[in-house]
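J.:
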Amino acid sequence: MGMAITHLLREKGNDVDIQLIQPVGKVGPRMKNVTLRTDMPDITPYDALILGGPIWAFTASPVVLAFIKEIPSLKGKKTICFTTSGFPTSISGAKGGLKKLSAELEELGATALEGEAFFWGLWCNKKKMLQAAERICGRVMG
Ligand SMILES: Cc1cc2nc3c(=O)[nH]c(=O)nc-3n(C[C@H](O)[C@H](O)[C@H](O)COP(=O)(O)O)c2cc1C
879 MGMAITHLLR
889 EKGNDVDIQL
899 IQPVGKVGPR
909 MKNVTLRTDM
919 PDITPYDALI
929 LGGPIWAFTA
939 SPVVLAFIKE
949 IPSLKGKKTI
959 CFTTSGFPTS
969 ISGAKGGLKK
979 LSAELEELGA
989 TALEGEAFFW
999 GLWCNKKKML
1009 QAAERICGRV
1019 MG
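Heads up: the sequence shown at position 111 corresponds to 989 in our numbering, and the numbers run straight through without jumps.
#1: What are the start and end residues of the beta strand (DSSP E) that includes Ala-926?
#2: Would the beta-carbon of Pro-907 be found less than 7 angstroms away from any heavy atom of ligand 1?
#3: Should Thr-962 and Met-879 be called a contact, given that it needs their Cβ atoms to be closer than 8 angstroms?
#4: Quickly, what does DSSP pair Glu-994 with across the bridge? List them, please.
#5: Per DSSP, Thr-989 is paired with what?
#6: Under 8 angstroms between the Cβ atoms of Leu-986 and Leu-952?
#7: Counting pairs of Cβ atoms below 8 angstroms between the segment 945-960 and the segment 917-926, do you hit three or more?
#8: So, does the segment 914-923 touch the segment 882-902, judging by three or more C-beta pairs under 8 angstroms?
#9: Where Glu-994 and Leu-976 are concerned, what is the direct C-alpha to C-alpha distance, given to the nearest angstrom?
#10: What are the start and end residues of the alpha helix (DSSP H) that includes Gln-1009?
#11: Going straight from the alpha carbon of Glu-984 to that of Leu-1000, what length do you get?
#12: Distance check for Met-1019 and Lys-1006, CA to CA, integer angstroms please.
#13: Quick one: what's got a C-beta closer than 6 angstroms to Gly-971's C-beta in the same chain, skipping five residues either side?
#14: From Ile-949, Ser-939 and Arg-908, pick the residue whose C-alpha is nearest to that of Asp-920; which is it?
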């Protein structure tokens, strides 16, 4: 999903960097005090930050939540989140997960645009994924 958004934004003429967020050790659903082994990027020169991760135990990934806590300079930054889920959106926990991510971002002074919950299932529907990626690009560039 992140790669699809990256490609689309580049096709539309934007400079985009993508970074995988990785934790130290094993992380389980709803785990607190997650330590990241990803260097925090300096996002000050960027117009927007797009963040995504899987839904685990009906809420947002603790790795993405840890990243939001650690990343500096969110103040005034345009942000947009996406989630992927194994269950259809209505029962996946994605709506609450996206709400939580947006609330954490807004708490730190960012502007959280409407996010995107993508039902990944067992096999990703590539066409639907590209449509979701297009919607994100539209919002972030709009
Ligand atoms: C520990 C764990 C908990 C999960 N909990 C949920 C859940 O509550 N709701 C849901 O729709 N999918 C759930 N999933 C499925 C993931 O959301 C799905 O595997 C993911 O979006 C696909 O990305 P991945 O290839 O990185 O796993 C869970 C997966 C794991 C491993």
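Built from N, CA and C at the ideal position, the CB exists for glycine as well. Because the structure is a prediction, the values reported are computed rather than measured.
T.: Result, derived from the coordinates:
#1: 926-934
#2: yes
#3: yes
#4: Phe-960
#5: Lys-956
#6: yes
#7: yes
#8: yes
#9: 8 angstroms
#10: 1004-1019
#11: 32 angstroms
#12: 20 angstroms
#13: Ile-933, Phe-936 and Thr-937
#14: Ile-949
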